[in-house]
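With numbering that gives the first Met the number 0, letter number 162 in the sequence shown gets 161, and the count goes up by one each step, no holes. Ideal Cβ positions, reconstructed from N, Cα and C, are used throughout, including at glycine. As the structure is a prediction and not an experimental result, all values here were calculated from the model. Report on the following structure.
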Amino acid sequence: MTDYVFYTASTLDGFLADENDSLDWLLTQPIDEDGPHNIADLMAATGAIVMGSTTYRWVVDHITASGEEWMYKDHPTFVFTHRDLEPVHPSITVVAGSPAEHRAALEKAAGDRAVWVVGGGDLAAQFAEDGMLDELLVSFAPATVGSGRPLFPRAWDFELLETVQNKAFVIARYRVVGPR
Ligand SMILES: NC(=O)c1ccc[n+]([C@@H]2O[C@H](COP(=O)([O-])OP(=O)(O)OC[C@H]3O[C@@H](n4cnc5c(N)ncnc54)[C@H](OP(=O)(O)O)[C@@H]3O)[C@@H](O)[C@H]2O)c1
0 MTDYVFYTAS TLDGFLADEN DSLDWLLTQP IDEDGPHNIA DLMAATGAIV MGSTTYRWVV
60 DHITASGEEW MYKDHPTFVF THRDLEPVHP SITVVAGSPA EHRAALEKAA GDRAVWVVGG
120 GDLAAQFAED GMLDELLVSF APATVGSGRP LFPRAWDFEL LETVQNKAFV IARYRVVGPR
């Protein structure tokens, strides 16, 4: 069985980005790149990546646009959008519709590793509603932004499995239980 993991950073008030899609509250925090739940370990455990179009646009505008190659080129990436989007790398597949409609393709792409649901929160919730979300792993940064892009805009239950600190972050790992 393929594991689906929503791994993300969040503000203390439950936002993935502020109203202007800024991640300033996140990128200014100290983090130990070799510490618990670091990105290298995540990438090693990941076989395929899923994201919505706002997240994709953010990566393209902030990283790829500065001349760097698509940062997830070694992982097949599925971008959800209703638009006619021209991918910046051949490893990217543009899809629309429910997560369940793409389950077979996602799990084939992931092989024996996990699917990383990058976000946003509503897309992660769609995966949960389709029974395709096993874990939520949140790195809480010590900042609030007041409003913005929500972490998980549904009434849902989670079971806390683990907490650990990485410098400024409290990382909490939860099992996805179900709607409340
Ligand atoms: N803190 C973190 O670690 C972290 C992690 C991830 C993301 N982020 C940030 O958080 C923000 C998330 O933005 P967001 O809330 O707008 O979420 P998003 O999931 O990145 O983008 C939402 C868009 O995805 C498309 N979409 C979603 N479900 C779909 C479906 N079933 N079929 C087709 N298209 C679908 C729609 O795009 P169309 O309008 O194109 O159809 C929708 O408007 C971004 O700024 C991102 O950079 C932060």
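For residue i and residue j, what's the separation of their Cα atoms in angstroms?
| i | j | result |
| --- | --- | --- |
| G130 | R102 | 10 Å |
| P178 | A154 | 6 Å |
| G118 | T7 | 7 Å |
| H81 | P141 | 34 Å |
| V176 | E158 | 7 Å |
| R148 | V137 | 15 Å |
| A167 | D111 | 32 Å |
| L84 | S90 | 14 Å |
| E67 | P98 | 29 Å |
| M42 | D60 | 22 Å |
| F5 | A123 | 7 Å |
| H36 | T63 | 24 Å |
Is the distance from the Cβ of residue i to the Cβ of residue j below 8 Å?
| i | j | result |
| --- | --- | --- |
| F77 | S52 | no |
| E128 | R172 | no |
| T45 | W115 | yes |
| D2 | A113 | yes |
| L26 | L150 | no |
| V57 | D12 | Before going on, a small fix: residue 57 reads as Trp here, not Val. No, the pair does not count as a contact, with Cβ atoms beyond the cut-off. |
| V144 | W24 | yes |
Which residue marks the beginning of the alpha helix (DSSP H) containing residue i, and which one marks its end?
| i | result |
| --- | --- |
| A43 | 38-44 |
| E32 | Taken as a continuous stretch (DSSP letters only), E32 belongs to no alpha helix (DSSP H), as it is neither H nor E. |
| D121 | 120-128 |
| R82 | No alpha helix (DSSP H) contains R82, which DSSP labels as neither H nor E. |
Where do the N-terminal and C-terminal ends of the beta strand (DSSP E) with residue i fall, by residue?
| i | result |
| --- | --- |
| V4 | 3-9 |
| A171 | 168-178 |
| W155 | 155-165 |
| E134 | 134-139 |
| T143 | Careful: T143 lies outside any beta strand (DSSP E) and carries neither H nor E. |
Between the Cα of residue i and the Cα atoms of the options, which residue gives the shortest distance?
| i | options | result |
| --- | --- | --- |
| P75 | L25, S97, E106 | E106 |
| P86 | D73, A95, E100, W69 | W69 |
| T162 | R174, P152, D156 | R174 |
| Q28 | A104, H88, S9, H61 | S9 |
| P152 | A95, G120, A108, L160 | G120 |
| N165 | L22, A109, D31 | D31 |
| I183 | L160, F126, S146 | Only positions 0 to 179 of the chain appear in the structure, and residue 183 is not among them; the question remains open. |
| M0 | A109, S65, L160 | A109 |
Per DSSP, what kind of secondary structure is residue i in: helix, strand or coil?
| i | result |
| --- | --- |
| D17 | strand |
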